[in-house]
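So the sequences go chain by chain: Z and B.
Going by this note's numbering, 285 is the number at position 285 of the first sequence; the sequence numbering is gapless.
Start counting at 1 in the second sequence, then tack on 1000, and there's your number in this note's numbering.
Working notes, structure below.
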Amino acid sequence: MLSIVIKMLFGERVKVLGLVFGVAFATLLVAQQAGLFVGLMTRSQNVIADASDVDIWVMDPAVEYVDLIRPMREVELYRVRGVPGVAWAVPLFKAGTSVKTPEGRTKSALLLGVDDATLTGVSPRVVMGTIGDLRRPDAIAIDRVGYMQLWPGEPLQLGKTLDLNDRRAVVTVITDAAPAFSAQVIIHTRYSLAVSFVPTGRNQLSFILAKATPDLDPGGVARAIAARTGLNAYTSEDFSWRTIRYYLKNTGIPISFATTILLGIVVGSAIVGLTFNMFVTDNLPQYAMLKVIGVTGGRLIGLVLLQAAIVGLIGYAIGIGFAALFFEYACTPTSALRGFNLPWWIASGVAATVALLIVLSTLTSLGRVLFAQPAMVFWGKR
Amino acid sequence: MNPTSQPLSGPPAIVCREVVKYLGRRKFRTEVLHGLDLDVYSGQMTLLVGPSGCGKTTLISTIAGILKPDKGSITLFGTAMAELGRRRITRFRGRNVGLVLQQFHLFPALTAAENVAVPLLVLHQGARQAQARAASLLQGLGLAAHADKYPRELSVGEQQRVAIARAIAHDPRLIICDEPTAALDAASGRLVMQLLRDVTVKSDRAVLVVTHDHRIFGFADRIIHMDDGRITRITESTEREAA
Chain Z
1 MLSIVIKMLF
11 GERVKVLGLV
21 FGVAFATLLV
31 AQQAGLFVGL
41 MTRSQNVIAD
51 ASDVDIWVMD
61 PAVEYVDLIR
71 PMREVELYRV
81 RGVPGVAWAV
91 PLFKAGTSVK
101 TPEGRTKSAL
111 LLGVDDATLT
121 GVSPRVVMGT
131 IGDLRRPDAI
141 AIDRVGYMQL
151 WPGEPLQLGK
161 TLDLNDRRAV
171 VTVITDAAPA
181 FSAQVIIHTR
191 YSLAVSFVPT
201 GRNQLSFILA
211 KATPDLDPGG
221 VARAIAARTG
231 LNAYTSEDFS
241 WRTIRYYLKN
251 TGIPISFATT
261 ILLGIVVGSA
271 IVGLTFNMFV
281 TDNLPQYAML
291 KVIGVTGGRL
301 IGLVLLQAAI
311 VGLIGYAIGI
321 GFAALFFEYA
331 CTPTSALRGF
341 NLPWWIASGV
351 AATVALLIVL
361 STLTSLGRVL
371 FAQPAMVFWG
381 KR
Chain B
1001 MNPTSQPLSG
1011 PPAIVCREVV
1021 KYLGRRKFRT
1031 EVLHGLDLDV
1041 YSGQMTLLVG
1051 PSGCGKTTLI
1061 STIAGILKPD
1071 KGSITLFGTA
1081 MAELGRRRIT
1091 RFRGRNVGLV
1101 LQQFHLFPAL
1111 TAAENVAVPL
1121 LVLHQGARQA
1131 QARAASLLQG
1141 LGLAAHADKY
1151 PRELSVGEQQ
1161 RVAIARAIAH
1171 DPRLIICDEP
1181 TAALDAASGR
1191 LVMQLLRDVT
1201 VKSDRAVLVV
1211 THDHRIFGFA
1221 DRIIHMDDGR
1231 ITRITESTER
1241 EAA
């Protein structure tokens, strides 16, 4: 029966094309938008993600997320170091600024000043040079995509100079830093150098990055730091989620993406629902004939659902394929869309959504199949 | 007159007793079959004849278990249809009844051979076995060269022969034909009826043909005349020959 049902399905080529298009359209739109949304949320906490060997982030109590800076006094670093369970603690300077090439090209930049001694917090993915090269005079690390935006078409090359608030900076390292939420260029340098690049007030310490001793739970140590210093202290994971939640709650990003995703589902459902309804209506005499021949209502429903599932599977495969192609070719590591991808759990979630879409779209049609009167083969539709 | 006739041999294949069937709803509800009694025997071709709207199609739909009688009982080969639920009636029909319909209702996306194989696949026979049976039947009906053609590629007569092959593919005990010659000229109609007689009439099978085409009455062993939801007369071939 399987081959018969498949042949019956593909006998209606135009309708099958419509059905497959509807599912593929919904799949592509939902998967692409969900991937972009997750990528954007991941970008919002790129600094936290790059500081992979850090357990705990300490900040002023007024700071709600990683992009809100309220500098602390230098003494806070020593207080944190004094908390039992803290293996080590280092400063992090974070500021937005602009950079200018000698040729006059200007871009916005995220400037990160890391501990002079340990250089903790620099992206571990180095493309050219070594992290140790940041110890050279006026040395900065720049991310590869930022470099390509500042010197488009030029090969990667160390030794290039930049103007950072009228101060000279020399590119000694090129990294593959995680893309930032808004800045085009990501610069890492020594803490002492960073504070000289960007004029600040009396306090300059943006964050304190700490590591818990191996025998202790970082969450417990973070609570101890908060209790002893009066500062906010979160594990890296907690701070990432706080940042993501902040963007979800305080920006229009989720509404914008959710609207597009919802539109994809609604338009896809409408196309699939209407086309499937037409398909079923046109085939009612055939379903009625199958009932006459001895196919029970339950078995017929199973066969129709199988037809819907085949359409769903093909549409999903095409849609998810195009979404994967988009992320593969538009979001290369050297493009402005780098970091956006299609994780397996989004693909799985979209598959579940498409399955739901197919079931919802076919529900009304299934009723018609179930109650299709076999007598219509004698009298026409009744 | 008692409309049930005497059997040629053995018990009747179809027994209808006091069958009442209404069609339509509420104020449009009409009694189409008025307490009808009928016996149909195996080994015969029985014609059910009468003017349009007299209830012929309603009667065969009810006999085939497609419609449920509102009153009375129908027994097919000793099985009381009223005792079967909807699902079991459908399965019973799948095993025991073959239908040749006026408009054929072939599946347009399937080839002639695939159309013939459908009843066998519905009965869970293997695809290879079903295809072999379909090929054999089509060969017997002179359609071997058309086995891989789609219904749209066949003439009306060829489509009808495919429909007949489909109706007998699973060797059912009852074959019901609804107006098999309605769309055909006299010569073609006679050919189809001869074919139906040749391939369907068997000692263990009942054949019931609905028609109002008097040109084919000569092919019948028995003719059951209907009018206004009642059986008015039954004639045997011997009576007709004598007349």
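We put the beta carbon where it would ideally sit given N, CA and C, even for glycine.
Just so we're clear, the structure is a prediction, and the values are computed from it rather than from any experiment.
From residue i to residue j, what does the alpha carbon distance come to, in whole angstroms?
i	j	result
residue 137 of chain Z	residue 172 of chain Z	10 Å
residue 264 of chain Z	residue 353 of chain Z	11 Å
residue 304 of chain Z	residue 1179 of chain B	31 Å
residue 1233 of chain B	residue 1225 of chain B	5 Å
residue 1202 of chain B	residue 1043 of chain B	5 Å
residue 170 of chain Z	residue 140 of chain Z	6 Å
residue 1007 of chain B	residue 1237 of chain B	Low confidence applies to residue 1007 of chain B: its pLDDT is 47, below 50, so where it sits in the model is not reliable, and the reading given next is rough at best. Roughly 13 Å separates the two Cα atoms.
residue 1025 of chain B	residue 1115 of chain B	35 Å
residue 1029 of chain B	residue 365 of chain Z	28 Å
residue 83 of chain Z	residue 155 of chain Z	47 Å
residue 326 of chain Z	residue 29 of chain Z	11 Å
residue 311 of chain Z	residue 266 of chain Z	17 Å
residue 1134 of chain B	residue 1143 of chain B	10 Å
residue 368 of chain Z	residue 284 of chain Z	8 Å
residue 1046 of chain B	residue 25 of chain Z	57 Å
residue 1002 of chain B	residue 1223 of chain B	Here the model assigns residue 1002 of chain B a pLDDT of 35, short of 50, so the residue's position is not dependable and the matter cannot be decided.
residue 1131 of chain B	residue 1148 of chain B	11 Å
Quick check: residue i and residue j, are their CB atoms within less than 9 Å of each other?
i	j	result
residue 44 of chain Z	residue 181 of chain Z	yes
residue 77 of chain Z	residue 90 of chain Z	yes
residue 270 of chain Z	residue 88 of chain Z	no
residue 5 of chain Z	residue 306 of chain Z	yes
residue 1129 of chain B	residue 1183 of chain B	no
residue 257 of chain Z	residue 92 of chain Z	no
residue 150 of chain Z	residue 129 of chain Z	no
residue 212 of chain Z	residue 223 of chain Z	no
residue 229 of chain Z	residue 218 of chain Z	no
residue 1196 of chain B	residue 1100 of chain B	yes
residue 54 of chain Z	residue 121 of chain Z	yes
residue 38 of chain Z	residue 346 of chain Z	yes
residue 110 of chain Z	residue 47 of chain Z	yes
What is the DSSP secondary structure of residue i, reduced to helix, strand or coil?
i	result
residue 247 of chain Z	helix
residue 1114 of chain B	helix
residue 1004 of chain B	Residue placement at residue 1004 of chain B is flagged as unreliable, the pLDDT there being 43, under the threshold of 50; the coordinate-derived value follows with that caveat. Reduced to three states, the DSSP call for residue 1004 of chain B is coil.
residue 1035 of chain B	strand
residue 1016 of chain B	strand
residue 51 of chain Z	coil
residue 110 of chain Z	strand
residue 1126 of chain B	coil
residue 1105 of chain B	coil
residue 93 of chain Z	strand
residue 232 of chain Z	strand
residue 1047 of chain B	strand
residue 25 of chain Z	helix
residue 1052 of chain B	coil
residue 381 of chain Z	Note that residue 381 of chain Z scores 40 on pLDDT, short of 50, meaning its location in the model is unreliable; the coordinates nonetheless yield the value given after this. Coil, per DSSP.
residue 59 of chain Z	strand
residue 143 of chain Z	strand
residue 1041 of chain B	coil
residue 1150 of chain B	coil
residue 88 of chain Z	strand
residue 173 of chain Z	strand
residue 1 of chain Z	coil
residue 1143 of chain B	coil
Can you tell me whether residue i sits near the ligand NAP, meaning its C-beta is under 8 Å from at least one heavy atom of the ligand?
i	result
residue 1199 of chain B	Ligands in the displayed structure: none, and consequently the ligand NAP is not present.
contact_flag[the segment 320-330 of chain Z, the segment 1117-1130 of chain B] where n(CB pairs < 8 Å) is 3 or more: no
Meets three-Cβ-pair contact criterion under 8 Å: the segment 1066-1084 of chain B and the segment 1049-1056 of chain B: no
Segment contact flag, the segment 237-256 of chain Z with the segment 69-76 of chain Z, C-beta cutoff 8 Å, min 3 pairs: no
Residues, ordered as in the chain, of the segment 261-290 of chain Z that lie near chain B by beta-carbon distance below 7 Å: 285, 286, 289
Members of the segment 1076-1093 of chain B that neighbour chain Z once the beta carbon cut-off is set at 7 Å: 1087, 1090, 1091, 1093
At least 3 beta-carbon pairs within less than 8 Å: the segment 1107-1118 of chain B vs the segment 1215-1222 of chain B: no
Contact between the segment 1141-1158 of chain B and the segment 1169-1176 of chain B (3+ Cβ pairs under 8 Å): no
Contact residues within the segment 1048-1071 of chain B, judged by C-beta distance below 7 Å to chain Z: 1057, 1061, 1066, 1067
Chain B contacts from the segment 287-311 of chain Z (Cβ-Cβ distance under 9 Å): 288, 289, 290, 291, 292, 293, 294, 295, 296, 297, 298, 299
Where the segment 352-375 of chain Z meets chain B: residues whose CB sits under 9 Å from a CB there: 373, 374, 375
Sufficient close CB pairs (3 or more, under 8 Å) joining the segment 195-202 of chain Z to the segment 46-66 of chain Z: no
Meets three-Cβ-pair contact criterion under 8 Å: the segment 150-162 of chain Z and the segment 188-196 of chain Z: no
Residues of the segment 1144-1161 of chain B with Cβ closer than 7 Å to any Cβ of chain Z, in chain order: none
Residues of the segment 1023-1039 of chain B whose Cβ lies closer than 9 Å to any Cβ of chain Z, in chain order: none
Under 8 Å (Cβ pairs) to chain Z, residues found in the segment 1204-1216 of chain B: none
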